Structures are given as structure tokens and as C-alpha cells.
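Residue numbers (full-length UniProt numbering): 1 to 298.
Note sheet for the following structure.
Here's what the structure looks like:
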């Protein structure tokens, strides 16, 4: 398989998992769901970690791993709340604003340059988010207003995912993917377990089967994504992650009889296109930036 095929496969697996999560989360609280998903993920990742020699992480890098676990855990927890409350395609589209927030954050936190095409894409994506959220969000974001609560959860999740991306950039590249993924699953599982205590309920045998399936999809999605990045340039494969929007539209229509209203559909297209342009804009800007002039040798 090529890098493009692996990326498309990753998008399809993750989109199907999220469609199934939307159904299971109606009867099992998302916090409990995330806890068990991470438990199963740890069980799947442990053999991988052992097969590569049980690598360890230096103590000085543990705080960054802990911070990323907290951010990613918060992002997943709020994301599952969004999937529970919003139509699948709308939640997926709002999730892609993480790329926009990460681009803005890279300027503020990492001092990286954001090119004009990227700023235009960010503005278009935020307009798309406003079209999906609509005027009904206002200040009424309580649980009784499922749409407003779901939109708030989706945008909050996107901000946390963006922060997690920035922390990942700060992490040392000397840490292997196996140990990083294992620490991430352990941290997220611990956070979800603590938050799940007030709403705890034991899953039924059928729900346990789904939880194992979610963990398998999660690991497969990550493996396919990493394989895509290994086989092809990031600027080629990352924009293809937007294919999840197409799958979300299809699965939402087939499994839940959902179809976005015209403004939300336009907003989803704007966000998807802007996410692609943010990635491509970085490559275009770097190519067009002139090399700094060398000082004359004395």
C-alpha cells in the first residue's frame, strides 16, 4: 500500500469508530467509555513496547509526557461528549478546527511563522465553524441544550488537541513511538478513570465487545497514520485526513439518518478546505521564503 492508501484507510477506520462511539455513548457515559478504551489500548500496546526492547523515557522528559496526556485526555473526553450530542458530520467538521488553532498557537507559543495563505485559510475555517454553530449557541451551553453543548465540547476539544500538537512538537524526538503511545494511553486512562467515578457503570458484555473494537480501531488508525507518514510526504498525506468528513457524512446518513442543514454543510466544506490550505500554505510559504543573505567573508 502507498502512503496515500494508508492515510485513506486511517481516515475510514477512525470515522467508523467515531460513528460507533456516537451510538454506544448514548447508553454508556463517555468518561467510562474512554477509560475502558484506554485500558484495552494499553493491553494492545504492551506487547509492541516489549517487542522493541522496552524503551524508557528520561525523567526530565516525563513532565512533557504528562502534560500531553492531560491535554489529549481532556480532548478525547470532550470529543466523545461532542459525538454524543452533535450530528456526526458537524462534530467531525468542528474537530478539524484543531488544525487552525494549532497554526495560530505555533505562532504564539513556538514563534513559528504563519504565512498569508494560512491566515486566509484560518479566517475561512472560523467562518465555517460559525456557520455550523449558528446563532443558537449564545450563552446557553447547558446540558439541556444538546446542540449548543455539543458545539462547545467540540470546539473545546479542538483547542485541547491543538495544544497537545504543540506539546508534541516540544517533545524530544529521541522517544520512540511505542513508549510514547503507551505513556499517552496510561495517562489518558488514568484521567478518564478519575472523572468516571461519579458516573460509573459497568459495561454490558455487548458494550465490552464494542470497547475492545474501539481500542483496536484506535490502534489501527494510529498505525496506518504513522505508516502513511513514513511512506509519503506529510504535505501529501495530512490533507487526505479530510476524507473523514466524507465518511462522517456517509455514516451519519446511513446509521443515524442525519444530514447537515445547508449552512452547516457549507461550514463543513469551508473547515475541511481551510485545514488542507493551512498544511499546504506552510509548504508553499517555506518554498517561497528567500534564503538569508550570507555575510561577505573578510
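The beta carbon of each residue, even a glycine, is placed where N, CA and C say it ideally should be.
Remember, it's a predicted structure, so these values are computed and weren't measured experimentally.
Presumed contact (8 Å Cβ cut-off) between residue i and residue j, rounded CB distance
| i | j | result |
| --- | --- | --- |
| residue 82 | residue 157 | 6 Å |
| residue 98 | residue 161 | 4 Å |
Buried/exposed call for residue i, threshold 16 Cβ in 10 Å
| i | result |
| --- | --- |
| residue 50 | exposed |
| residue 36 | buried |
| residue 59 | exposed |
| residue 204 | exposed |
| residue 201 | exposed |
| residue 197 | exposed |
| residue 22 | buried |
| residue 143 | A caution first: residue 143 carries a pLDDT of 49, below 50, which makes its placement in the model unreliable, though a value can still be read off. Looking at its Cβ environment, which holds fewer than 16 other Cβ atoms inside 10 Å, residue 143 is exposed. |
| residue 179 | buried |
Delimiting residues of the alpha helix (DSSP H) encompassing residue i
| i | result |
| --- | --- |
| residue 238 | Per DSSP, residue 238 belongs to no alpha helix (DSSP H) and is neither H nor E. |
| residue 2 | Segment: none, residue 2 is in no alpha helix (DSSP H) and carries neither H nor E. |
| residue 53 | Careful: residue 53 lies outside any alpha helix (DSSP H) and carries neither H nor E. |
| residue 111 | Neither: residue 111 is in no alpha helix (DSSP H) and is coded neither H nor E. |
| residue 92 | 88 to 95 |
| residue 228 | 205 to 231 |
| residue 78 | 62 to 85 |
| residue 119 | 116 to 133 |
| residue 152 | 146 to 170 |
| residue 246 | 243 to 256 |
Proximity below 8 Å, CB of residue i to CB of residue j
| i | j | result |
| --- | --- | --- |
| residue 15 | residue 210 | no |
| residue 86 | residue 147 | yes |
| residue 266 | residue 93 | no |
| residue 206 | residue 6 | no |
| residue 251 | residue 91 | no |
| residue 45 | residue 182 | yes |
| residue 122 | residue 104 | yes |
| residue 263 | residue 134 | yes |
| residue 128 | residue 268 | yes |
| residue 277 | residue 62 | no |
Sequence-distant residues of its chain with Cβ nearer than 7 Å to residue i (five each side left out)
| i | result |
| --- | --- |
| residue 110 | 166, 169 |
| residue 8 | 240, 243 |
| residue 195 | 31, 77 |
| residue 25 | 33, 80, 83, 84 |
| residue 75 | 157, 160, 161, 164 |
| residue 189 | 35, 38, 39, 42 |
Residues near residue i by beta carbon distance below 6 Å, same chain, minus five either side
| i | result |
| --- | --- |
| residue 112 | 106 |
| residue 10 | 221, 224, 225 |
| residue 100 | 122, 125 |
Nonlocal neighbours in the same chain, by C-beta distance under 8 Å from residue i, ignoring five residues either side
| i | result |
| --- | --- |
| residue 13 | 217, 220, 221, 224 |
| residue 187 | 65, 66, 68, 69, 70, 72, 73 |
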